[in-house]
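There are 2 protein chains.
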Amino acid sequence: MKRNSRLSSTLHILVHMAEKPEQALTSEELATFIHTNPVVVRRTIAGLRDAGIVTSSRGHGGGWLLGRAPEAISLAEISAALGETLLPFSTEPESPGCLVEQAVIAVLDDFRVAAEKLLAEKLSRITLADLTADFRRRYDLIGVSSHAV
Amino acid sequence: MKRNSRLSSTLHILVHMAEKPEQALTSEELATFIHTNPVVVRRTIAGLRDAGIVTSSRGHGGGWLLGRAPEAISLAEISAALGETLLPFSTEPESPGCLVEQAVIAVLDDFRVAAEKLLAEKLSRITLADLTADFRRRYDLIGVSSHAV
DNA sequence: TTTCATGTAACTTATTTAGTTACGATAAGC
DNA sequence: GCTTATCGTAACTAAATAAGTTACATGAAA
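Have a look at this one:
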């Protein structure tokens, strides 16, 4: 799994889970989808469990299932559950007391608040069901679902 | 200079430059504002020179000046000149041929294009002049411009 | 021609994040 | 119960990224 691909990797996993709604998929199986290992998967999607987006069960026959219908899972929730930041820049003060820095941070934070609201709104309108629908469209067109390396 | 603070650090520098419009500031001086060293400053704002946002001159009495009026310098241009990405997530394929991944990337890229347009629009409406105005407001209120450590 | 500045390559250091190992807890099947 | 399969998580290692540093060439003013 590459850097900065936690969101896309997680979506990849979730679409696979949505395609097998009644079958618990193990961390091992999920890991192969995104070319990583089970521990990274558990660590990555632990937040989704806390958010109720997925459930996990231990022991024989255990694994991961969606916590609710794909229609009820938005990308905004997923992104938030991953702890992802939508805007990458920092506004941490480095020169406390500098009025120039304070002005810069104030303006940048205003922008950030407005921008995050906008992005969250856009992301909340895209659901996991939209992704699975897009996948099925491609599948029906090509008829292949192989995982090429 | 902390990680992910290239944008705010650069804005900090630019406001200082806007406050001394006729005085070329050296990389050394700019570096002290953001607690780093001259080479990092040159490297960081090299893109701004290429974009015409600042000019630099070598030799005795040399240094950096704004390339045009603060009213004509938008945060969108600055961010672009820094080579900053507005959205942090990657959509590089990791499993070429996987239709699930293709669907995920397609949806995410659509979102990215729309989001970047939105953010760039918002940032293009904020100019360096807005930042200096905010700074001056704070300065007039408190009457101190010290750089506390 | 000396001094002061940027430009930039090359290297070092620090930070972050993914990957890995190890092991405890839990649950199903026998 | 015992075995096997699975998650949960801590601790460590490795890789990637970005900042910091050193060094030196280039250019311009005094």
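Listed in order, the protein sequences are those of chains A and V. Residue numbering for the first sequence follows numbering that gives the first Met the number 0, beginning at 0 and increasing consecutively. Residue numbering for the second sequence follows numbering that gives the first Met the number 0, beginning at 0 and increasing consecutively. Ideal placement from N, C-alpha and C gives every residue a C-beta, glycine not left out.
Do you know offhand how far residue i's Cα is from residue j's?
i                           : j                       : result
alanine 80 (chain A)        : aspartate 139 (chain V) : 43 Å
phenylalanine 134 (chain V) : histidine 59 (chain V)  : 30 Å
valine 106 (chain A)        : leucine 130 (chain V)   : 7 Å
serine 78 (chain A)         : leucine 6 (chain A)     : 7 Å
valine 148 (chain A)        : arginine 41 (chain A)   : Because the pLDDT at valine 148 (chain A) is just 43, under 50, the model does not fix this residue reliably, and the value given afterwards should be weighed accordingly. Cα to Cα, valine 148 (chain A) sits roughly 23 Å from arginine 41 (chain A).
aspartate 109 (chain A)     : glutamate 115 (chain A) : 10 Å
glutamate 120 (chain V)     : glutamate 76 (chain V)  : 11 Å
alanine 30 (chain A)        : threonine 90 (chain V)  : 18 Å
arginine 67 (chain V)       : asparagine 3 (chain V)  : 26 Å
methionine 16 (chain A)     : isoleucine 33 (chain V) : 47 Å
glycine 82 (chain V)        : arginine 57 (chain A)   : 45 Å
valine 44 (chain A)         : arginine 137 (chain A)  : Here residue 44 (chain A) turns out to be isoleucine, not valine, going by the sequence shown. Roughly 26 Å separates the two Cα atoms.
serine 144 (chain V)        : glycine 96 (chain A)    : Confidence at serine 144 (chain V) is low in this model, with a pLDDT of 48, below 50, so its placement is unreliable and the value that follows should be read with caution. Their backbone Cα atoms lie some 8 Å apart in a straight line.
glycine 61 (chain V)        : glutamate 27 (chain V)  : 11 Å
glycine 73 (chain V)        : leucine 122 (chain A)   : The residue asked about is misnamed: residue 73 (chain V) is serine in this sequence, not glycine. Distance between the alpha carbons of serine 73 (chain V) and leucine 122 (chain A) is about 27 Å.
Take residue i and list the residues in its own chain whose beta-carbon comes closer than 6 Å to its own, dropping the five residues that flank it on each side.
i                      : result
alanine 132 (chain A)  : none
serine 55 (chain V)    : Arg48 and Trp63
methionine 0 (chain V) : Ser8, Ile33 and Thr35
leucine 13 (chain A)   : Leu127
glycine 51 (chain V)   : Gly66
Can you give me the Cβ contacts of residue i inside the same chain, cut-off strictly under 8 Å, excluding the 5 residues immediately before and after it?
i                       : result
glutamate 100 (chain A) : Pro92, Glu93 and Ser94
threonine 9 (chain A)   : Thr43, Ile44, Leu47, Ile77 and Leu81
histidine 11 (chain V)  : Phe32 and Ile33
Please go through the same chain and pick out, in chain order, the residues whose beta-carbon is closer than 7 Å to the beta-carbon of residue i, but skip the five residues on each side of it.
i                     : result
proline 69 (chain V)  : Ala17, Thr126, Leu127, Ala128 and Thr131
leucine 118 (chain A) : Leu85
When DSSP builds the beta bridges, which residues end up paired with residue i?
i                   : result
serine 55 (chain V) : V:Trp63
Requested in this report: Quick one: which residues of the stretch 67-86 of chain A get their C-beta closer than 9 Å to a C-beta of chain V? List them in chain order.
Outcome: Answer set for the stretch 67-86 of chain A: Leu74, Ser78, Glu83, Thr84, Leu85 and Leu86.
Query raised in the report: Listed from N- to C-terminal order along the chain, which residues in the stretch 28-54 of chain A have their beta-carbon within a distance smaller than 9 Å of any beta-carbon of chain V?
Result: Phe32, Ile33 and His34
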